Structure formats: C-alpha cells, structure tokens
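A.B. asks: Dumping the structure here so I can ask a few things about it.
In the numbering used here, the protein residues as written are 130 to 481.
Structure (structure tokens):
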C-alpha cells in the first residue's frame, strides 16, 4: 500500500475511533497493530503523540467548558504538589467519579508527562511527581539578615522576627477580630512602611469609616494608608516593596479551599523587599484556616484568632530569642470598642 495513502487511512481511523469514544490507549494499540500489519515502520510513541495532539485540539475546539475546566483544575492541583501524588488524590480532591472524567484525567496527566511537567514515580502505577527543572540560585553572601520592625497587636513581635519577602497569615473564626487586627497592623506600621490595605468587604467606605472612627485617632494618621476594594486577583495589586494587607482571602466553599495554598503562594511570589499580611477564614472546630496545613507552607508567621478571645502563634519560623520557642504560645485577650486588643493574661506556653 502507498505510504501516503496508508498515513491518510491511519489518521482517518484514529479520528473515527477517538470521536467514537475509544480511549487513547485503545486507539494507539489498534492503529499501531494495523500499521505493523501493513509494514509501516512508524513507532508506537509517535502514534500516541498524534492521538494526544488530536484529542487536545478537539478539546480546544469543542467549546466543552467542563473539559477545559478539568484541564485547568488538574493543572492547579499539580502546581500545588511538592511531592508524590496518585490519581486517586486527584479524583478525591476534584470530586471526579464518572468513567469519562477519569478517562480524561488519564489523558491530561499523560500530556503533562509528555511536556516534562510530570513524571511517573518509580514503578508504582498511577503515582506521579512534579518535575522541577529550574535552579533558583541563592546569593547568600549578599543577603540582608536585618529583620524588619513590623509591629503586631498583643506584642507578637516580641517573639518573632519578620524579614523581607515574608508572608504573615492570620486565620480567624468569623467575628473573631480579623479586620480589627489587620487595621491595627496597618496603623501601627504606617510610619515605617508604605501600607496598602486591600479589603474584600468594605466596598463603599461607610463601614471602613465607622471602623476608623472607633480608633479615635487623627484622620491624618489614616491618610498614610492606601485603602482599596479588591475581591480577587490580589497578586496583580501587590506592592512588592510595601506592607500589603489582604483582608481577606476567601475561597467561598470547602470544595475550593484547597486552592488557598496556591493563592497564598502567588501573592508571596510577587514580594521583593515587602511583606504580605493575609487574613483567611477559620472553622471554629479546626486548628488552621481554610486550606488546612497547606496554608502554613509560605507563612513565616501564622496566627489564629478564636471568638473566645485567644490568639495563638501556630508557626514562627524565625524566633526573636533563640532560647524562647514561640510556636504554640497563646494569649487571652479582649477586643474593646471593636478596635483595641487588651491582654487579659500574660502569654502562655503551649499546653503539653
């Protein structure tokens, strides 16, 4: 058979099988067997690349929002992974249950492997790990180790150091004082930093004005702070060299909470000499904020606020006193007039 005609027929058969619902693996096996029968020397790996390319092209042209969204969802999931994961992790996290969803997941993962973004983890079937091909060389000789003088309500700064490019996370229960804490940080640091306060709730300025009035400070003190309304795309608004306060970062539902880790990372990646203070919601029955342990990763300081009036240092990466570990320390407080944090007892070490 003429090689050109054979190639055309092979392509037509491949398209027909994929359109008919055959999987990539089924299609490749059959097309390869036919090619061998007709004396075609084309490698199976080349046939597989053609099949994947055709599937990806059809996905882009189909207008099928669910498929394209699945590609994005899996891409987001992969970017969050620091180590090995399995296909079942994807199914569970993204709540994929149908045969078609799982088949498409296999195809998307295969494509990511072909692009060098993922690779199979050893001999375990269905396990993968991200490929990190980029070297981020650290210029440790020129590093500035001078801590920044960031001041916290309730004296957290007496136990921790904050450095350039650091992220501070404040995970608080509903009505536990997150906004009051953030406004206090803005006011206490406006003399030393260029402060940008991004609020996702106080849009028209009325609530903000009410809260500012509670402090009974001269309006000129608040003029040093830039207040902006922002509900999404926070990385685009970050001042790389200023003190950025995000009040608050919300994923809206438990099913989307896994994205919180990536959103915090994206904000952190925008910093140069500046700092980001990020407030997130916390379930009263859980230790950490929405997104769980993943929200700890980029935070150098991680605080939690409870409605019962307890602030806890869940994570402090750099201690002010090397002989006094602040991790787990907590303090009981009262929020007076909606803005003043008052110690009700001295700082306490974690209960063992």
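All residues carry an ideal CB built from backbone N, CA and C; glycine is no exception. Since the model is a prediction, treat every value here as computed from it, not as a measurement.
#1: Check each candidate in 367, 266, 259, 368 and name the one with the smallest Cα separation from residue 203.
#2: Name the two residues that bound the continuous beta strand (DSSP E) containing residue 328.
#3: Grab me the residues of residue 315's own chain with a C-beta within less than 7 Å of its C-beta, minus the 5 sequence neighbours each way, in chain order.
#4: Check residue 195 in the structure and name its three-state DSSP category.
#5: What's the call for residue 105, buried or exposed, on a 16-neighbour Cβ count within 10 Å?
#6: State buried or exposed for residue 386, treating a residue as buried only when at least 16 other CB atoms are found within 10 Å of its CB.
#7: Do residue 232 and residue 220 count as a contact pair if the criterion is CB distance below 8 Å?
#8: Please determine, among 394, 287, 224, the residue with the shortest C-alpha to C-alpha distance to residue 448.
#9: Using a Cβ-Cβ cutoff of less than 6 Å, which residues in the same chain neighbour residue 241 once the five nearest sequence positions on both sides are dropped?
#10: Alpha helix (DSSP H) containing residue 390: first to last residue?
#11: Please give the ranges of any beta strand (DSSP E) in the region 237–270, keeping only runs that are unbroken, at least 3 residues long and fully inside the region.
#12: Assuming residue 459 and residue 473 make a contact with CB atoms under 8 Å, what is their CB distance in whole Å?
#13: Could you give the uninterrupted runs of the alpha helix (DSSP H) lying entirely in the region 386–462, keeping only those of 4 residues or more?
#14: Between 446, 452, 468, which lies nearest to residue 276 when the distance is taken from Cα to Cα?
#15: Going by beta carbon distance, what residues of the same chain come within less than 6 Å of residue 466, once the five residues before and after it are set aside?
#16: With a 10 Å radius around its C-beta and 16 neighbouring C-beta atoms as the bar for buried, classify residue 422 as buried or exposed.
#17: Excluding five sequence neighbours on each side, which residues of the same chain lie with their C-beta closer than 6 Å to the C-beta of residue 319?
#18: Assign residue 346 to buried or exposed, taking buried as 16 or more other Cβ atoms, counted over all protein chains shown, within 10 Å of its Cβ.
#19: To which residues of the same chain is residue 157 closer than 7 Å at the C-beta, ignoring the five residues directly before and after it?
#20: In the DSSP assignment, the beta strand (DSSP E) including residue 355 goes from what residue to what residue?
#21: Let's see if you can read the secondary structure: which residues bound the alpha helix (DSSP H) around residue 482?
#22: Look at the alpha carbon of residue 265 and the alpha carbon of residue 271, and state the distance between them as a whole number of angstroms.
#23: Just grab the DSSP bridge partners of residue 469 for me.
#24: Could you compute how far the alpha carbon of residue 401 sits from the alpha carbon of residue 371?
#25: May I ask you to list the residues that DSSP assigns as paired with residue 378?
#26: If you draw a straight line from the C-alpha of residue 121 to the C-alpha of residue 216, how long is it?
C.D. replies: On the basis of the coordinates in this document:
#1: The option with the nearest alpha carbon to residue 203 is 259.
#2: Taken as a continuous stretch (DSSP letters only), the beta strand (DSSP E) holding residue 328 covers 324–328.
#3: Cβ within range, chain order: 324, 326, 354, 374.
#4: Residue confidence is low: residue 195 scores 47 on pLDDT, short of 50, so the model does not pin down where it sits. No coordinate-derived value is stated.
#5: This structure cannot speak to residue 105, because the chain is shown only from 130 to 481.
#6: So residue 386 counts as buried.
#7: No, these two residues do not count as a Cβ contact at 8 Å.
#8: Closest option to residue 448, Cα to Cα, is 287.
#9: Hits under 6 Å: 247.
#10: Taken as a continuous stretch (DSSP letters only), the alpha helix (DSSP H) holding residue 390 covers 389–397.
#11: As for any beta strand (DSSP E) of minimum length 3 sitting wholly inside the region 237–270, the runs are 247–249, 256–259, ordered along the chain.
#12: Residue 459 to residue 473, Cβ: 12 Å. No contact.
#13: Here the runs fully enclosed are 389–397.
#14: Per the Cα distances, 446.
#15: Counting only residues of its own chain and dropping the five nearest sequence neighbours on each side, residue 466 has a CB closer than 6 Å to the CB of 343.
#16: Burial state of residue 422 is exposed, judged by a 10 Å Cβ sphere holding fewer than 16 other Cβ atoms.
#17: So the qualifying residues of the chain are 353, 354.
#18: Exposed, by the Cβ-count rule.
#19: Contacts found: 173, 176, 177, 180.
#20: Taken as a continuous stretch (DSSP letters only), the beta strand (DSSP E) holding residue 355 covers 354–358.
#21: Since the displayed the chain opens at 130 and closes at 481, residue 482 lies outside it and no answer follows.
#22: The straight-line gap from Cα to Cα measures roughly 15 Å.
#23: In the DSSP secondary-structure assignment, residue 469 is bridged to 465.
#24: Cα to Cα, residue 401 sits roughly 9 Å from residue 371.
#25: Per DSSP, the beta bridge partners of residue 378 are 409.
#26: With the chain covering only 130 through 481, there is no way to say anything about residue 121.
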